[in-house]
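In this text, residue positions in the sequence shown follow our numbering: the first is 143, and each later residue adds one. Below is one structure, written out as structure tokens, with a few remarks after it.
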Amino acid sequence: MIPPATPGTADVTLRGLLDAVRMEWTKLLSLRSYRLLLALTALVTVTFGTIFTLIAATTDLASRADLGDPLEMSFVSTGLARITVLVLGVLLITSEFGSGQALSTFTAVPRRWQVLAGKATVLSGTVLVVGTLSAAALLAVARVLFAQHGITVTTSTETQVRLVFGSGLQLALSALMALGLGALIRSSVGAIVSVLAVFLVLPTLSFTLGRVQPYLPGATASSLTTVDALPGHLSPVLALVATLAWTGTILTAGAVSLEKRAI
Numbered sequence: 143m144i145p146p147a148t149p150g151t152a153d154v155t156l157r158g159l160l161d162a163v164r165m166e167w168t169k170l171l172s173l174r175s176y177r178l179l180l181a182l183t184a185l186v187t188v189t190f191g192t193i194f195t196l197i198a199a200t201t202d203l204a205s206r207a208d209l210g211d212p213l214e215m216s217f218v219s220t221g222l223a224r225i226t227v228l229v230l231g232v233l234l235i236t237s238e239f240g241s242g243q244a245l246s247t248f249t250a251v252p253r254r255w256q257v258l259a260g261k262a263t264v265l266s267g268t269v270l271v272v273g274t275l276s277a278a279a280l281l282a283v284a285r286v287l288f289a290q291h292g293i294t295v296t297t298s299t300e301t302q303v304r305l306v307f308g309s310g311l312q313l314a315l316s317a318l319m320a321l322g323l324g325a326l327i328r329s330s331v332g333a334i335v336s337v338l339a340v341f342l343v344l345p346t347l348s349f350t351l352g353r354v355q356p357y358l359p360g361a362t363a364s365s366l367t368t369v370d371a372l373p374g375h376l377s378p379v380l381a382l383v384a385t386l387a388w389t390g391t392i393l394t395a396g397a398v399s400l401e402k403r404a405i
């Protein structure tokens, strides 16, 4: 008699990942705070981007030259929107430990790295879509406002497309790094303070950090939404490689921490 077939390791792993993704998707949709942070991401991107566009459009010609490409000024708002996705990325994992829900989560999906992978999949996909659509809306608004003020946008179509998708990508990768740091630190307050320091404070310390500064997570992510590489900063392509490396490293560290430490 031939015994019934049993699922292989690959099948079990895939099933666990799919279960984790479904579970995390349900959590993301059901919790009001997560939906609010996603809505704030879009609101900050478009609202502040519109304000920055109006500032660039109404600035006199001499001062406008100092500001650089007017379209790049519009997309400064994506750096502000990063704050909301950083908080979202942290809370997606630290709230589990704060509420005691981590025990039931890890009981449902025993392989803890799969839980983190599920969260990363749902988080990155959602933030990428919200960030990209918000950036596309901002681009449309900026073009209209510049046209109304008699300013011709000379940025190439290629670069405009890169700005839109780069905005969504840098927000998604930033959120993933926050998720990884949240898995390492586990405290909501501690993790939020840490990610804000890494992304907002460290990039401003160029006088202290010198040549290291352009390679920090906040600086590499910001370089994804520049029209032209700033002096001393990475090009968008190199910035993407560096940001992906940071994201992979931090998420891996977070996964190892989840597997090794007790709840």
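Note that beta-carbon positions come from the ideal geometry of N, C-alpha and C, so glycine has one too.
- Distance from the Cα of residue 294 is smallest, within the candidate group 239, 314 and 198, for 198.
- Under the rule that a run must span 4 or more residues, the alpha helix (DSSP H) segments found entirely inside the region 326-368 read 330-338, 348-351 and 359-364.
- Spanning the alpha carbons of residue 259 and residue 244 requires a straight line of approximately 15 angstroms.
- Look at the beta carbons and you see the region 247-255 not touching the region 296-316: under three pairs across the two are nearer than 8 angstroms.
- DSSP places residue 295 in the coil class of the three-state scheme, outside both helix and strand.
- Inter-segment contact for the region 375-385 and the region 357-365 is present: three or more beta-carbon pairs are separated by less than 8 angstroms.
- With 16 or more other Cβ atoms inside 10 Å of its own Cβ, residue 261 counts as buried.
- Runs of the beta strand (DSSP E) lying entirely within the region 177-222, each at least 3 residues long, are absent.
- DSSP places residue 242 outside both helix and strand once states are collapsed to three, so it counts as coil.
- The alpha-carbon separation between residue 228 and residue 322 amounts to approximately 11 angstroms.
- Around the CB of residue 277, 16 or more other CB atoms lie within 10 Å, so the residue is classed as buried.
- Counting only residues of its own chain and dropping the five nearest sequence neighbours on each side, residue 214 has a CB closer than 7 angstroms to the CB of 368 and 369.
- Burial of residue 324 is indicated by the presence of at least 16 other C-beta atoms within 10 angstroms of its C-beta.
- In the displayed model, residue 390 falls within a helix according to three-state DSSP.
- Between residue 158 and residue 253 the beta-carbon gap is near 6 angstroms, inside 8 angstroms, which marks them as a contact.
- Runs of alpha helix (DSSP H) with 4 or more residues, each lying fully within the region 239-284, are found at 244-250, listed in chain order.
- In this structure, residue 318 and residue 265 form a Cβ contact; the two beta carbons are roughly 7 angstroms apart against a cut-off of 8 angstroms.
- Take the alpha-carbon of residue 331 and the one of residue 230: they are about 12 angstroms apart.
- Judged by beta-carbon spacing, residue 236 lies beyond the 7 angstroms limit of residue 187, meaning their Cβ atoms are not closer than that value.
- Counting the other Cβ atoms within 10 Å of the Cβ of residue 242 gives fewer than 16, which makes it exposed.
- By the CB criterion at 7 angstroms, residue 328 and residue 239 fall inside the cutoff.
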